[in-house]
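Enquirer: Heads up, the final residue of the sequence shown is numbered 115 in our numbering, and it's a clean run with no missing numbers.
Using N, Cα and C, we set each Cβ at its ideal position, and we do this for glycine too.
Before I ask anything, here is the structure I am working with.
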Amino acid sequence: MSLRDGFTVLKAQNTEGRQVYLQVLPIHGDLLAIHKAVGFGPPAALKFCGWCDANLNELQLMKVGTKRTGYEIREVEKAWRNEKSLKEQEDIQKETGIQWSELNMLPY
Numbered sequence: 008m009s010l011r012d013g014f015t016v017l018k019a020q021n022t023e024g025r026q027v028y029l030q031v032l033p034i035h036g037d038l039l040a041i042h043k044a045v046g047f048g049p050p051a052a053l054k055f056c057g058w059c060d061a062n063l064n065e066l067q068l069m070k071v072g073t074k075r076t077g078y079e080i081r082e083v084e085k086a087w088r089n090e091k092s093l094k095e096q097e098d099i100q101k102e103t104g105i106q107w108s109e110l111n112m113l114p115y
């Protein structure tokens, strides 16, 4: 099977099926390196989770935060990238746990 050419997934609602394309980018490294590569802060950051907006100060509550969307992450990354000063970029990263990563701009 060639993932580049896609493959057809059949569903009961659509007898003709739907063409699906899949791209996988494996990233290998320790947690710190992976978080940095994909645009998230370190595990000790205030907003440490790449999936939700859980807050490190509320970790003892053991609650999952509001789910982050790909759109939200890309918008914050663009704001981070467009800032002119390192201080402003650091402020965005501290507030959101997100920084610029070209990997999140790949088309999915």
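Express the C-alpha separation of residue 15 and residue 8 in angstroms, rounding to a whole number.
Expert: Numbered from 1 along the sequence shown, position 1 holds the residue referred to as residue 8. Numbered from 1 along the sequence shown, position 8 holds the residue referred to as residue 15. Confidence in residue 8 is poor, its pLDDT being 46 and thus under 50, which makes the residue's placement unreliable; the coordinate value appears in the next sentence. Residue 8 and residue 15: Cα-Cα distance of roughly 11 angstroms.
Enquirer: From the DSSP secondary-structure annotation, give me the bridge partner or partners of residue 47.
Expert: Taking the first residue of the sequence shown as position 1, residue 47 is located at position 40. Beta-bridge pairing links residue 47 to 105.
Enquirer: Pull up the DSSP beta-bridge partners for residue 14, would you.
Expert: The residue you call residue 14 lines up with position 7 of the sequence shown. DSSP output for residue 14 lists 27 as bridge partner(s).
Enquirer: In this structure, how does DSSP classify residue 70 when only helix, strand and coil are distinguished?
Expert: Within the sequence shown, residue 70 is the residue found at index 63, counting from 1. DSSP places residue 70 outside both helix and strand once states are collapsed to three, so it counts as coil.
Enquirer: Which of helix, strand or coil does DSSP assign to residue 21?
Expert: Locating residue 21 in the sequence shown gives position 14, counting from the first residue. Residue 21: strand per DSSP, three-state reduction.
Enquirer: Quick check: residue 113 and residue 44, are their CB atoms within less than 8 angstroms of each other?
Expert: The residue given as residue 113 occupies position 106 in the sequence shown. The residue given as residue 44 occupies position 37 in the sequence shown. No, the pair does not count as a contact, with Cβ atoms beyond the cut-off.
Enquirer: Distance check for residue 50 and residue 39, CA to CA, integer angstroms please.
Expert: Along the sequence shown, one-based indexing puts residue 39 at 32. Along the sequence shown, one-based indexing puts residue 50 at 43. Looking at the two C-alpha atoms, the distance is approximately 7 angstroms.
Enquirer: Buried or exposed: which applies to residue 87, given that a residue is buried once 16 or more other Cβ atoms fall within 10 Å of its Cβ?
Expert: As a first step, residue 87 is located in the sequence shown; it is residue number 80 there, counting from the start. Result: buried.
Enquirer: Let me know if residue 83 comes out buried or exposed under the rule of 16 or more other beta-carbons within 10 Å of its beta-carbon.
Expert: If you number the sequence shown from 1, residue 83 lands on position 76. The residue in question, residue 83, is buried, as its Cβ has 16 or more Cβ neighbours within 10 Å.
Enquirer: Please go through the same chain and pick out, in chain order, the residues whose beta-carbon is closer than 8 angstroms to the beta-carbon of residue 24, but skip the five residues on each side of it.
Expert: Sequence index remark: in the sequence shown, residue 24 carries index 17 (1-based). Same-chain partners within the cutoff: 15, 16, 17, 18.
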